[in-house]
Structures are given as structure tokens and as C-alpha cells.
Amino acid sequence: MSAASQTVTDSRIVRLGYHGSTSVASDVIRLAGRDEAETTLSEYDIAEPFEAVRSGRQDVMIAKFAVREPDLATTRTLTEDARAVVVAAGHPLAAHDSVSVEDVAAYDCFDRPGDFPPYIWDEVVPPRTPAGRPLNRRHRVAVVPEMMRLVATGAGVHLTVLSLADVAPAGVRVVPVYDLPPAPVTLAWPRERELPAHVRDFIAAAEKEAGR
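Next up, the structure:
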């Protein structure tokens, strides 16, 4: 391939932001009818989840739960990520195939990292269970590996999404939570930015396929 052809090909790559597991990103790429070679995945900082897409380092990002940022546009729900809790392998909840969020309330959970929007964190780790039991959002960490290490010690548990099982190390277990609604998955990008045509096409194709 000539240098000119390579430049043209590279210019059509979608820079896609994600967090945690890449499996949901792969699902979205398939919805868009693209090959993964046509995208560049980069993980955004969970403490500042929208910084990379706002700054232009990412064209579009995968968002989970309801995003209500005035400067960001989002797609319809493209897919969903079931809910789960990360626990130490020897934790009492680890012996179950699935658990209730009411069971999770008996253990210390995690508070929002950095500048993560409080309204989204209230969906990730609700202040209270449906029955009204408070969730003790005690621990604060900045990155997933740090959270996993703390969970592995038995110091706390983390309410999250099931796809995080893909990146769970030995010493922890990711157990489905059956009575929390799954996280809707969308794409988000700056509302006022004029996206390149190939990025607009990617977004439109994913939405169209999700609507079938």
C-alpha cells in the first residue's frame, strides 16, 4: 500500500473511547457494520470520563447509564450491560450464581472517583436499595486495577456492570445482580463539534442496526 493510500485509510479510522472491558465496544462496532481494524480504541479516565471526547482526543465515546451533559449529544440505546457486583473470591456473596442489591447493602461499596458526575454514580451505586437500605459508598479509587486490588482484600464490594468480568483478575469474582436494571449503552460526542463524515456514518449505522 502506498503512503498516500495509507493516509487515506488512517483518516477514516474512528477513535472510540471506552472504559473497562472492550467487549461492549466490540458489540457497538459490530452494530455499526465495521471491522475493528477501522477503529482505534482508547480507554478514558473514569475520574474524568468526558474529558477525552471533549478535548478531541476521541471522536466518540461509549457511555453507560443516562448521560445528561448539556454539551454532549447521545444516540438512542444501542445495547445494554447487565448489572453485577465485584467481590473477593472468598466473600460470602461469591458463592452465589446471582445476588440481590439488598444483599450488597450489607457491605462497604465505592464512592465516585474524581469528577465523575454524581447523577450517573447514583445509577452505578445507588444511595439506597429499592427497599430503602442505604449503600455505604465509602471507598474512593481512581482506576479499575486499584478497585480490584481493594476488593480482593475483602475490604469492600463494587456495584458495576457485568462486562467488567472480562478484566477481573484472579482473586475476585463478578456476580450478577438480578434486581437492578441493566445499564443502557449509548455513544456520546460534543454537540457543537462537526464530526467527520466517516464518524457520522459510524454513529448512524449503529443506531439504525440497534433499531431493527
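Letter by letter, the sequence shown follows residues 6 to 217 in my numbering. Cβ coordinates follow ideal geometry from the N, Cα and C atoms, glycine included. Remember, it's a predicted structure, so these values are computed and weren't measured experimentally.
* How would you call Thr158, buried or exposed, if buried means at least 16 neighbouring beta carbons within 10 angstroms? -> exposed
* Would you check if there are 3 or more beta carbon pairs closer than 8 Å linking the region 191 to 206 to the region 99 to 106? => no
* Is it buried or exposed for Lys213, if we count other Cβ within 10 angstroms and need 16 for buried? -> exposed
* Looking only at C-alpha atoms, which of Leu185, Glu199, Met152, Pro187 sits nearest to Val92? -> Closest by alpha carbon: Met152.
* To do: For the alpha helix (DSSP H) holding Ala157, just list the boundary residues, first then last.
  => 149 to 157
* Do Leu167 and Asp86 come within 8 Å of each other at the CB atom, strictly closer than that value? -> yes
* To do: Determine, using beta-carbon pairs with one atom in the region 119 to 136 and one in the region 59 to 76, whether at least three such pairs fall under 8 Å.
  => The count of Cβ pairs closer than 8 Å, one atom from the region 119 to 136 and one from the region 59 to 76, reaches three, so the stretches are in contact.
* Option in Glu107, Ala37, Ala57 with minimal Cα separation from Ala210 -> It is Ala37 whose Cα lies nearest to the Cα of Ala210.
* Cβ shell of Thr27 (< 8 Å), same chain only, five flanking positions each side left out -> Leu46, Asp171
* To do: Express the C-alpha separation of Pro181 and Val162 in angstroms, rounding to a whole number.
  => 13 Å
* Under 8 Å by Cβ, that's how I've got Val109 and Leu192 pegged, so tell me the actual separation to the nearest angstrom. => Not really, about 29 Å apart at Cβ, beyond 8 Å.
* Taking Val129 as the reference, give the member of Ala173, Pro189, Pro174, Val156 with the closest Cα. => The residue with the shortest Cα to Cα distance from Val129 is Pro189.
* Whole-Å CB distance - Ala147 paired with Ala57, under 8 Å assumed -> Going by Cβ atoms, the distance from Ala147 to Ala57 rounds to 15 Å, so no, they are not a contact pair.
* **Close Cβ partners of Ala78 (< 8 Å) along its chain, the five nearest in sequence each way excluded** => Ala193, Trp194, Pro195, Arg196
* Compare the Cα-Cα distances from Ala175 to each of Thr80, Gly95, Phe115 and report the closest residue. => Gly95
* Leu77 by DSSP, collapsed to three states: which one? -> Correct three-state label for Leu77: strand.
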